[in-house]
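Participant: All you need for my numbering is the position in the sequence shown, starting with 1, plus 13. A virtual CB, placed ideally from N, CA and C, is assigned to each residue, including glycine. Here the structure is a predicted model, which means the values were calculated and not measured.
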Amino acid sequence: MAELHVELVAADRKVWSGAATIVVARTASGDTGIMPGHTPVLSVLETGPVTIRTTDGGTVVAAVHGGFISFADNKLSILAEIAELADEIDVARAERALESARSEIDAHAERRAEVRLSATRGLKARA
Numbered sequence: 014m015a016e017l018h019v020e021l022v023a024a025d026r027k028v029w030s031g032a033a034t035i036v037v038a039r040t041a042s043g044d045t046g047i048m049p050g051h052t053p054v055l056s057v058l059e060t061g062p063v064t065i066r067t068t069d070g071g072t073v074v075a076a077v078h079g080g081f082i083s084f085a086d087n088k089l090s091i092l093a094e095i096a097e098l099a100d101e102i103d104v105a106r107a108e109r110a111l112e113s114a115r116s117e118i119d120a121h122a123e124r125r126a127e128v129r130l131s132a133t134r135g136l137k138a139r140a
């Protein structure tokens with residue numbers, strides 16, 4: 014099976030590294046799926062979930078907020094301003110943040126909270 018090497022790095026830490034069969038991320042030009050052999054890519058990441066299908070059949074979901082994605086020679090680098098794996102997210106805290114953002118009419122904070130909750134739901138749906 015063809016695979017690509019993935020590095021998901023946030024400004025403060027390495028979040029995840031490993032082999033994958035496909036990665037889907039939200040970029041400035043829309044949702045982008047990267048598979049082994051894909052043409053080289055360099056794009057701006059938008060706030061959204063990143064879904065990584067691992068070579069062992071598992072799924073890793075992360076909430077990513079800004080950054081860049083780069084792919085060449087079957088190596089994918091996701092360089093995020095902020096990234097959290099779904100299983101690291103405190104759902105109750107994310108729900109409170111979403112409610113707070115809605116009451117303050119803060120669209121950016123609301124989007125960040127929605128992405129965090131979406132990442133946790135995506136992980137549970139695949140478990």
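State the Cα-Cα distance for the pair Ala-132 and Ala-15, rounded to the nearest angstrom.
Facilitator: 26 Å
Participant: Starting from Ile-95, follow its DSSP beta bridges and name the residues at the other end.
Facilitator: Residue pairing of Ile-95 in beta bridges, as defined by DSSP: His-78.
Participant: Give me the residue from Arg-106, Ile-91, Ile-65, Asp-86 with the minimum Cα distance to Leu-58.
Facilitator: Ile-91
Participant: Can you give me the C-alpha to C-alpha distance between Ala-85 and Ala-38, rounded to a whole angstrom?
Facilitator: Looking at the two C-alpha atoms, the distance is approximately 16 Å.
Participant: Checking the sheet assignment: what are the DSSP bridge partners for Leu-55?
Facilitator: Ser-83
Participant: So what does DSSP say about Ala-15, is it helix, strand or coil?
Facilitator: coil
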